[in-house]
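Under the numbering used here, the sequence shown is numbered contiguously, ending at residue 376.
Heads up, the beta-carbon is just placed ideally off N, CA and C, and yes, glycines get one too.
Remarks on the structure that follows.
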Amino acid sequence: MTLRAVVEGVGHYLPDRIVENTEFEQTLETTDEWIRTRSGIERRHFAADDETTSDLALFAARAALDNAGLGPDDIDGLIVATSTPDLTFPAVATMVQHKLGMAHGFGFDVQAVCAGFIYALTNANALIASGQAKRLLIIGAETFSRIMDWTDRSTCVLFGDGAGAVVLGAQESTGTNADRGILAADLNSDGRYREMLYVDGGVSTTGQSGKLRMQGNPLFRQAIEKLTTTADAALAKLGLSGADVDWIVPHQANIRIIQGTAKKMGVPMDRVIVTVHEHGNTSAASIPLALSVGAAEGKIKRGDLVLSEAIGGGLAWGALVLRW
53 MTLRAVVEGV GHYLPDRIVE NTEFEQTLET TDEWIRTRSG IERRHFAADD ETTSDLALFA
113 ARAALDNAGL GPDDIDGLIV ATSTPDLTFP AVATMVQHKL GMAHGFGFDV QAVCAGFIYA
173 LTNANALIAS GQAKRLLIIG AETFSRIMDW TDRSTCVLFG DGAGAVVLGA QESTGTNADR
233 GILAADLNSD GRYREMLYVD GGVSTTGQSG KLRMQGNPLF RQAIEKLTTT ADAALAKLGL
293 SGADVDWIVP HQANIRIIQG TAKKMGVPMD RVIVTVHEHG NTSAASIPLA LSVGAAEGKI
353 KRGDLVLSEA IGGGLAWGAL VLRW
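This is the structure we're talking about:
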């Protein structure tokens with residue numbers, strides 16, 4: 053028998069404040085049409101001044117636990133994917149652990165920027181498959197509004213805040229592609245591309261968090277090529293291709309990247325979960341947010357083969373295949 057990490061519940065949380073594209077017209081040389089045309093984004097959510105990443109993560113965690121019919125006592129540990137933690141340390145995961153009332157288990161963060169949730173799921177899968185944990189809560193949570201340069205129209209209109217969470221549980225399976233759970237993953241990084249997407253400050257350089265900087269056009273070109281390659285690599289480990297996928301749930305960075313990747317894989321857009329128009333780019337939160345929305349809308353159903361892929365600063369990128 054093979055131990056698989058099976059999705060038992062999903063949930064998400066979005067801050068109350070909704071920021072329409074037109075709000076940026078008041079302070080930047082931009083328009084709603086310019087933003088929609090280049091990114092597909094129509095609106096995004098921003099955290100309140102007193103809302104932290106761990107707060108967003110907590111609400112998403114509770115939603116996922118409720119969806120699974122479980123409580124904090126049923127969880128062995130938490131993994132949080134984030135690039136915008138409340139503090140330099142401790143980990144956001146330990147803060148969520150405390151806020152959930154958990155005095156047992158473990159919690160740690162994963163930082164791979166927009167690819168963070170793929171990396172976190174892959175780590176969680178390894179912990180479950182090796183018998184180190186029976187049930188884990190994996191959260192992607194970001195407050196990217198805290199690291200925006202509000203004078204840079206090429207970046208500040210693209211990002212939003214939010215959180216999504218997935219409960220993974222160990223399940224004995226046959227070891228075939230028909231199993232429910234995480235079936236394959238592919239992870240990559242290449243530090244040569246650091247300048248394409250980074251934050252220009254940090255503990256050991258400037259002593260402050262800095263602001264997000266991005267080279268949009270070069271990153272766009274790298275994204276489609278690398279996302280397609282990693283998605284194909286993950287599927288190839290199972291002897292599958294894009295034709296076998298029921299749903300692609302991609303990182304929600306830019307509608308043109310999403311469309312370009314789907315086209316190269318031969319997957320029609322009616323089999324792609326798209327939320328970027330409503331949420332903007334929520335970095336590590338975007339995939340769990342999209343999974344939660346897709347499941348809540350009745351699109352993603354038990355037994356569906358789901359492919360997720362993401363690329364972020366580093367550059368770091370990867371893909372994961374699971375059966376719902």
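Remark: C-beta atoms of Ala305 and Ala236 do not approach each other more closely than 8 Å. Inter-residue distance for Arg95 and Glu330 is about 5 Å (C-alpha atoms, whole angstroms). By the C-beta criterion, the region 59-68 is judged not to be in contact with the region 268-280, since fewer than 3 inter-stretch pairs fall below 8 Å.
In this structure, the CA atom of Gly183 is about 40 Å from the CA atom of Gly262. Per DSSP, Glu194 is one residue of the beta strand (DSSP E) stretching across Arg187 to Thr195.
Per the Cβ contact rule, the region 110-121 is in contact with the region 210-228 (3 or more Cβ pairs under 8 Å). In the structure shown, Gln78 falls within a helical segment according to DSSP collapsed to helix, strand and coil. Close CB contacts of Ser225 within its chain, under the 6 Å cut and outside five residues either way in sequence, are with Thr54, Arg56 and Asp231 (chain order). Straight-line measurement puts the Cα of Ala167 at about 16 Å from the Cα of Gly212. Beta-bridge pairing by DSSP links Asn73 to no other residue. Nearest to Ser106 by alpha-carbon distance, out of Gly364, Gly268, Arg88 and Ile131, is Ile131.
Leu341 is positioned such that its CB atom lies no closer than 8 Å to that of Thr174. At least 8 Å separates the beta-carbon of Gly332 from that of Gly294. Proximity to Gly214 across Ala181, Pro137, Gln223 and Asn73 peaks at Pro137, based on C-alpha coordinates.
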